[in-house]
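Visitor: First, the structure itself, so that you have it in front of you.
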Amino acid sequence: MSDSVTVQSAGWSGGAFLRRLTRSPVLRVIGRRLLTAIPVLWGVTLLAFLVMNALPGDAASAMLGINATPAEIRAFTIKLHLNEPLWTRYGHWLAGVVTGNLGTSLQSPQSVASDLGQRLPVTLELVIYAMIITLVVSIPVSVVCARWPKGIIDRLSLVLSMGSISIAAPSLALLAVIVFCVKWAIFPAIGYVGLSQSVAGNLHTMTLPSIILAVPLIGFYIRFLRADLLEQMQSEDYIVTARAKGVGEWQILIKHALRNSFIGVLTVIGLNLATLIGVTVIVEEVFSLPGVGFELLNAISNRNVPVIEGIVLVFGIAVVLANLATDLLYGVLDPRIRHVRSRS
Amino acid sequence: MIPKSFRRDARLKTALRLSSIVVAAATAIALAGCGSSTPSSTSNSSTPKAGGSLTVLEGDSFAGSWPGLDPATDTDGAANMSYMDSIYGELFELTAGGKTTGDLATGYSFTNGGKTVVINLRQGVKFSDGTTFNAAAVVYNWKRDLTATCTCKPVFLSTPTITATGPYQVTLSLSYVDAPFINALQGSVMNWIASPTAIQTMGETAFALKPVGAGPFIVEKDVPDSELVLKKNPNYWQKGLPYLNNLTFKSVSSDESALTAMEAGSGQAYEGMSTPQLVSAFKAKFQTTPEPSTSPYDIQLNTKIAPFNNKIAREAIYYATDAALLDKSLFGDTYPVGESFTAPAGLFYEQNVPGYITYDLAKAKALVKSIPGGLSFQLGTISVPTATEMDEAIQTEWEAAGMHVTLASWDLTGLIGAFTGGKWQSMLQTAGAYDPGTGVGVCFRFCSTSPFTGVWDTHLNNLLIAAAGTTNQATRKSLYDQAAAYIAVNAYGPFLFPIAGYNIADHGVGGPGLNSPLPVTDVNPEILWQYVYNDNNA
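Written out as structure tokens, the structure reads:
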């Protein structure tokens, strides 16, 4: 009797759990996003695989080097299964991914997962630190610009923003190294200290590379946020109402307009992330940071397909998760979106 | 008329020079195959200070990218020599003047007509995990190297028999004479002996990240392709060494990045700087030591297909190539122009070769005109700035003779593909090595068995194989001289000059190979890290 009661209880609690799951708007959003992410990630990794296979040269020659004889190259090719048809190789890799195995680097005995596990925190830290710098600088500046449009600060920020968007990241990085590392010796020119080793050392090595990443974003975000704030301040009814009630301009700007503008900023952050990841490759190369971008360049020149596929997959997941996070944050910032989701 | 005082001084100088050569030769003979390693001229300071740390930068397109530090799976081979030497030490090392000297080995001898090499090992040496360095460890490593699936696998014409003929004696027997064997150990994985216990205990994957050897340093942290942090081995067999407490290798993306990194103090040494245009910038602030090169550039001609299956076309190339002008205009007359695959820093050097065709534009034009349809072909090389710039300069010279030349360049992978495809016509490459019979030596470019050859000539094959098949150095030199003359007479490809990079070091930093030159044995020069010091922070 107790067994049948137990079974009945288990069945009932499982169904209730599923019902609660499907009713939760947040979980439904997450579920939908994850489902749509699967074909996106599949497409991205397939494209990368096809492109790598279309490049001239082969991984075996790249790995074995110029001293390799044709017989050695053939033997190594077979050992790495590089002689198998393209779809077979992709299928093997995909089957591995489903079971959590990203394969082994063609160049070293390390697994791709452990290699990326070592490097990913460096790139993630770089991106997050750059975003923090971007927001810390761009938000106050754009608020000031919106408060006094066409004032001195606004005009100056226009010039600097255009300059920061126009300058190429490699040029900026090299210039920064010469000024801040060589001339003024404020930051190291190369190298990385992990957070676990020393927080101060980590900040010392990561600040300049993060600033390089942040500079073009700062310019863009200032112009974007300023425009959005001005539009709200000049045309939104709730702003007019607030002014009519005697609320001060700064309070209107910061407590009301800025909060609504964050929705646009969130969208831009999600869209920027993919570009930012691409730029980390350059910054990691210039500052010799042991991140994923640095490894990607090395893997491409060595035709190290498992590593490239692993990195592409990780980048794809990062972009998907970032966009998911921005979607969820919309609901936090705008109650109307929460309400619409609940109703749907 | 020459003053008396000058003539007296000149005679004195000549006498001193001759006597020093005699002394050096006698010393070299006495040291051959025995004795412990001794440092060459080390430094600006009389006694290096012990202690301190050093950060060495490595270009990530070469040594700055390492796949793993297990000798049996180190696909980058000699490119990783600095790391491997630091961790494992070497059986034999190359010291000043090109002397092969025992480090973990004490000596060697050839027996059985040269087909057997007997190597005596140093006693009382321990790996950094406390296990004993002995013949069994060497045999274990060598057998492991020979069965590895890796291009770093040592190549022999027949399978060697390797045995421990004593607790500290190893014997390697072949069915043929391999005279360059000991020289070939430089930059070979067989020169680095890993702790068998550590390999078996840790497993190969973990071992490749944190290897255990008997060298002057121990691995503290290894982030592949990025940073390798080493600390002093307290049980290193040479008491009082290494001088440094910490040695860190860091990867940089380019010579320019290395310059700014050193100016910013992020590194105190840089190996293998290869951009000639940056030499003066480095020289302004740092010690800049040219690496003595042993591999001249040569223009390989594919004699299997048109147009260079025609000897007249090949001779036209010789007449149209002004190597001295190339050296002057591109490198400011820095390098010695040669006529063979040997170079001043290597063995068997001869600058002039009988029968070598030298520059004569008029003759080049006449030959080109005499070829039906003219002379039209492609010149290829590897995609590095020095090589592509040289290609462009050579193209200009050849076009002045009426040739039509298109250029092509590839990364290493593409270059291998171009060679193995067989359709290449001419290539700017390097040929030769410290010992012409080893590594990227002359056979690599001129023996019909090599996939990177442009020559299929049995007589030349026989000369080169015979030169590697005798331990008599005088006979070897004679055979290489004959090979060089044969290449010249058949116009198989003109030689230019050996280009070498530079090792850069901060003032107060030094050591053999770093601020005093050691010859390049395979692809990059050796630095004896146990003797390297940094007086700035000791």
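Note that the protein sequences, when read in sequence, are chains C and B. Just so you know, we're using this note's numbering here: the first sequence kicks off at 1 and counts up by one. Just so you know, we're using this note's numbering here: the second sequence kicks off at 1001 and counts up by one. No residue lacks a Cβ here, since even glycine has one placed at the ideal position from N, Cα and C.
C:PRO140: buried (16+ other C-beta within 10 angstroms of its C-beta) or exposed?
Guide: Exposed, by the Cβ-count rule.
Visitor: Strictly below 9 Å CB to CB, what residues from chain B border C:PRO290?
Guide: Result: VAL1223, PRO1224, ASP1225, SER1226, GLU1227 and SER1251.
Visitor: Between the beta-carbon of B:LEU1094 and the beta-carbon of B:PRO1519, is there less than 8 Å?
Guide: Yes, the pair counts as a contact, with Cβ atoms nearer than the cut-off.
Visitor: Give me the DSSP bridge partner(s) of B:ALA1507.
Guide: According to the sequence provided, residue 1507 of chain B is His. The question's Ala does not apply to it. None, per the DSSP bridge assignment.
Visitor: Along the chain, which unbroken stretches of the alpha helix (DSSP H) at least 4 residues long are found entirely within the region 1224-1295 of chain B?
Guide: Segments of the alpha helix (DSSP H) lying fully in the region 1224-1295 of chain B: 1255-1263 and 1279-1283.
Visitor: Kindly confirm or deny that the region 272-286 of chain C and the region 201-219 of chain C touch, where touching means at least three C-beta pairs closer than 8 Å.
Guide: Segments in contact, yes.
Visitor: Going by DSSP in three states, C:SER164 sits in which element: helix, strand or coil?
Guide: Looking at C:SER164 - three-state DSSP - the assignment turns out to be helix.
Visitor: Identify the residues that DSSP records as bridge partners of B:TYR1359: which are they?
Guide: Note: B:TYR1359 sits in no beta bridge, so no partner.
Visitor: Looking at the structure shown, is C:THR99 part of a helix, part of a strand, or coil, going by DSSP?
Guide: Reduced to three states, the DSSP call for C:THR99 is coil.
Visitor: Counting only beta-carbon separations shorter than 8 Å, does C:ASN83 have a partner in chain B?
Guide: Judged by the 8 Å Cβ criterion, C:ASN83 is not in contact with chain B.
Visitor: With 7 Å as the C-beta to C-beta threshold (strictly closer), list the residues of the region 167-200 of chain C near chain B in chain order.
Guide: The region 167-200 of chain C vs chain B, Cβ under 7 Å: VAL177, ILE178, CYS181, VAL182, ALA185, PRO188, ALA189, ILE190 and GLY191.
Visitor: In chain B, which residues lie less than 8 Å from C:ALA75 when you measure between Cβ atoms?
Guide: In chain order: THR1149.
Visitor: Would you mind sorting B:GLU1263 into buried or exposed? The rule is 16 or more other CB atoms within 10 Å of its CB.
Guide: When all chains shown are included, B:GLU1263 counts as buried.
Visitor: Let's test the definition: count the other Cβ atoms within 10 Å of the Cβ of C:GLY191 and tell me whether it reaches 16, buried, or not, exposed.
Guide: The residue is buried, with at least 16 neighbouring Cβ atoms inside 10 Å.
Visitor: Let me see if you follow: with CB-CB separation under 8 Å, is C:ASN101 close to chain B or not?
Guide: Answer no: the Cβ-Cβ gap between C:ASN101 and chain B never drops below 8 Å.
Visitor: Could you tell me whether the Cβ of B:ASP1411 comes closer than 8 Å to any Cβ of chain C?
Guide: Yes, contact with chain C.
Visitor: For B:SER1266, decide whether its Cβ has a neighbour in chain C, counting only Cβ atoms nearer than 8 Å.
Guide: Yes, its Cβ sits closer than 8 Å to a Cβ of chain C.
Visitor: Can you say whether C:ARG32 is buried or exposed, counting buried as having 16 or more other CB atoms within 10 angstroms of its CB?
Guide: C:ARG32 should be labelled exposed.
Visitor: List, in order along the chain, the chain B residues whose C-beta lies closer than 7 Å to that of C:VAL286?
Guide: Within chain B, the residues near C:VAL286 are SER1253 and SER1257.
Visitor: Rounded C-beta distance between B:SER1293 and B:ALA1148? I'm assuming under 8 Å.
Guide: Not really, about 30 Å apart at Cβ, beyond 8 Å.
Visitor: Taking DSSP as the reference, what is the three-state secondary structure of B:PHE1341?
Guide: It is coil, neither helix nor strand.
Visitor: Going along the region 1380-1409 of chain B in order, which residues come within less than 8 Å of chain C, judged by CB to CB distance?
Guide: For the region 1380-1409 of chain B, which is checked against every Cβ of chain C, not one residue is closer than 8 Å.
Visitor: Determine the closest residue to B:GLY1624 out of B:VAL1118, B:ASP1298, B:ASN1352 and B:GLN1268, with distance taken between C-alpha atoms.
Guide: The requested residue 1624 of chain B is not part of the displayed model; chain B covers only 1001 to 1538.
Visitor: Using a Cβ distance threshold of 8 Å, determine whether the region 1111-1121 of chain B contacts the region 1165-1179 of chain B, with at least three qualifying pairs required.
Guide: Result yes; three or more Cβ-Cβ pairs closer than 8 Å.
Visitor: Does the distance from the CB of C:VAL180 to the CB of C:LEU208 come in under 8 Å?
Guide: Checking the sequence, you will find Phe at residue 180 of chain C rather than Val. Result yes, Cβ atoms of C:PHE180 and C:LEU208 sit closer than 8 Å.
Visitor: For C:SER105 versus C:ASN304, is the C-beta spacing smaller than 8 Å?
Guide: Yes; because the gap between Cβ atoms is below 8 Å, this pair is in contact.
Visitor: 8 Å is my cut-off, CB to CB: does C:PHE49 come that close to chain B?
Guide: Taking Cβ atoms only, chain B never reaches closer than 8 Å to C:PHE49, which makes this a no.
Visitor: Within 10 angstroms of its Cβ, does C:ILE282 collect 16 or more other Cβ (buried), or is it exposed?
Guide: So C:ILE282 counts as buried.
Visitor: Just list the beta strand (DSSP E) runs in the region 239-282 of chain C, keeping only unbroken ones of 3 residues or longer that don't cross its boundaries, in chain order.
Guide: Listed in chain order, nothing qualifies, since the region 239-282 of chain C has no complete beta strand (DSSP E) run of 3 or more residues.
Visitor: Could you compute how far the alpha carbon of B:MET1390 sits from the alpha carbon of B:PHE1377?
Guide: The straight-line gap from Cα to Cα measures roughly 17 Å.
Visitor: At a CB-CB cut-off below 7 Å, which residues of chain C make contact with B:ALA1261?
Guide: Those are ALA189 and ILE190, listed as they occur along chain C.
Visitor: Taking C:TRP42 as part of the alpha helix (DSSP H), name the residues at either end of that continuous run.
Guide: Taken as a continuous stretch (DSSP letters only), the alpha helix (DSSP H) holding C:TRP42 covers 25-54.
Visitor: By the criterion of Cβ-Cβ separation under 8 Å, what are the contact partners of C:ASN298 in chain B?
Guide: Residues of chain B passing the Cβ test: ASP1060, SER1065 and ASP1225.
Visitor: So, is the C-beta of C:PHE315 closer than 8 Å to a C-beta in chain B?
Guide: Chain B contact via Cβ: absent.
Visitor: Please return the same chain residues whose Cβ sits closer than 8 Å to the Cβ of B:VAL1509, not counting the five positions on each side in sequence.
Guide: Hits under 8 Å: LEU1054, GLN1268, ALA1269, GLN1287, ASN1515, VAL1532, TYR1533, ASN1534, ASP1535 and ASN1536.
Visitor: I want to know whether the region 1076-1085 of chain B touches the region 1198-1210 of chain B - three or more CB-CB distances under 8 Å.
Guide: No, because fewer than three Cβ pairs between the region 1076-1085 of chain B and the region 1198-1210 of chain B fall closer than 8 Å, the two stretches do not touch.
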